[in-house]
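Trainee:
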Ligand SMILES: Nc1ncnc2c1ncn2[C@@H]1O[C@H](COP(=O)(O)OP(=O)(O)O)[C@@H](O)[C@H]1O
Ligand SMILES: [Mg+2]
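Written as structure tokens, this is what we have:
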């Protein structure tokens, strides 16, 4: 199981909505695509599921090029779009059988039963889709995409519009599915990615701004940093030129989040550095920042990245 995306570019007229996106995913597990609205998450997912083609670049699933061999690629991919269209007048089971026929699934009964079991749809499977709650409708959408036993399952914002209980249920279902499949899930909610995903790819404005193992990114994000504010105007690049600062990022309030090398407390060094550089520190405090802050800093429009 692998997904290999290289140098994807997608343009709509003059708007470049994907700018040279490359990433690799290997094996089972859940990878989160995190980014604000309009970042390009759905565009990447549509390209991977063969719905639209990129302006340039390539995407392979298990070594199969989705552009050159779309039929073969679609056979091993399940894709649940953001606004999942369902036939509301059909019964759950009837709908799943129909989809299995359309997909050309051989052992229809077996695959429908397995999809129903995996998605916990058994109590509702004799009902009309239109009578189901939104959470159960989403399960039908996921079940529909498990019928052909795909190796890669792409879920575009699957929890949007659900109530808190339904969100937890769908998240658990996604985690469970990720034990045996490569699952790609998009979300604009940091907490969702933290709760569900093993890996996260943060996208902003058509570019990848972070890519890594969720727990490691979280650990890195929670390392001690200081928030410093100067009287004079300066920028993150100037701070990063010092010998002891690993990164500096400008916050919305105009202060800087700064982290030293090796997790050390850099407050004293920062004072000395400010004096040498003719800057006046007007506030300085230790700050434990969370993955959420990192996400905000990374995805802020025109913000400096860290
Ligand atoms: N068919 C389209 N025509 C023109 N622009 C589009 C089209 N589809 C998406 N876009 C633009 O591409 C950008 C990325 O959209 P999308 O991938 O849907 O973002 P996300 O899923 O992260 O919210 C947005 O600016 C959106 O307006
Ligand atoms: Mg989207």
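In my numbering, the protein residues as written are 1268 to 1573.
In this text, a Cβ means the ideal position worked out from N, Cα and C, and glycines have one as well.
With a CB to CB cut of under 7 Å and the five nearest residues on each side skipped, what residues in its chain are close to residue 1460?
Mentor: For residue 1460, where only same-chain residues beyond five positions count, the Cβ hits under 7 Å are 1299, 1301, 1454, 1467 and 1481.
Trainee: For residue 1272, which of helix, strand or coil comes out of DSSP?
Mentor: Residue 1272: strand per DSSP, three-state reduction.
Trainee: Assuming residue 1286 is part of the beta strand (DSSP E), what are its boundary residues?
Mentor: Element bounds for residue 1286: 1282-1293.
Trainee: In chain order, what residues of the same chain have a beta carbon less than 8 Å from the beta carbon of residue 1321, not counting five sequence neighbours either side?
Mentor: Once the five neighbours on either side are set aside, the close Cβ partners of residue 1321 are 1275, 1276, 1277, 1285, 1314 and 1334.
Trainee: Does DSSP put residue 1361 in a helix, a strand or coil?
Mentor: Of the three classes helix, strand and coil, the one that applies to residue 1361 here is helix, per DSSP.
Trainee: Report yes if the CB atom of residue 1429 is closer than 8 Å to the CB atom of residue 1458, and no otherwise.
Mentor: No, the Cβ-Cβ distance between residue 1429 and residue 1458 is not below 8 Å.
Trainee: With distances taken Cα to Cα, identify the nearest neighbour of residue 1289 among 1268, 1473, 1360 and 1383.
Mentor: The residue with the shortest Cα to Cα distance from residue 1289 is 1473.
Trainee: Is the region 1391-1401 touching the region 1341-1352 in the sense that three or more CB pairs, one from each, lie closer than 8 Å?
Mentor: The region 1341-1352 vs the region 1391-1401: no contact.
Trainee: List, from N- to C-terminal side, the beta strand (DSSP E) runs of 3 residues or more that fit wholly inside the region 1319-1394.
Mentor: For the region 1319-1394, whole beta strand (DSSP E) runs of length 3 or above, ordered along the chain, are 1323-1328 and 1344-1347.
Trainee: Suppose contacts are defined by Cβ-Cβ distances below 8 Å. Is residue 1323 in contact with residue 1332 by that definition?
Mentor: Against a cut-off of 8 Å, the Cβ pair of residue 1332 and residue 1323 comes out as no contact.
Trainee: Under 7 Å: does the beta carbon of residue 1309 sit that close to some heavy atom of ligand 1?
Mentor: Yes - ligand 1 has a heavy atom lying nearer than 7 Å to the Cβ of residue 1309.
Trainee: For the alpha helix (DSSP H) containing residue 1501, list its first residue and its last residue.
Mentor: Here residue 1501 belongs to no alpha helix (DSSP H), and DSSP marks it neither H nor E.
Trainee: Find out if the Cβ-Cβ distance for the pair residue 1388, residue 1407 is shorter than 8 Å.
Mentor: Yes.
Trainee: Comparing C-alpha positions only, which one of 1295, 1511 and 1504 sits nearest to residue 1445?
Mentor: Ranking the options by Cα distance to residue 1445, first place goes to 1295.
Trainee: Which residue marks the beginning of the beta strand (DSSP E) containing residue 1511, and which one marks its end?
Mentor: Element bounds for residue 1511: n/a, residue is neither H nor E.
Trainee: Which of helix, strand or coil does DSSP assign to residue 1453?
Mentor: Note: residue 1453 maps to strand in three-state DSSP.
Trainee: Measuring alpha carbon to alpha carbon, tell me which of 1372, 1308 and 1542 ends up nearest residue 1423.
Mentor: Residue 1308 is the option with its Cα nearest to residue 1423.
Trainee: Under the three-state reduction of DSSP, which class applies to residue 1448: helix, strand or coil?
Mentor: The answer is coil: DSSP assigns residue 1448 none of H, G, I, E or B.
Trainee: Quick check: what's the CA-CA separation for residue 1536 versus residue 1512?
Mentor: Rounded to whole angstroms, residue 1536 to residue 1512 spans 10 Å at the Cα level.
Trainee: Any heavy atom of ligand 2 inside 7 Å of the beta-carbon of residue 1349?
Mentor: Yes, the Cβ of residue 1349 comes within 7 Å of a heavy atom of ligand 2.
Trainee: Who does residue 1278 pair with in a DSSP beta bridge?
Mentor: Answer is 1283, bridged to residue 1278.
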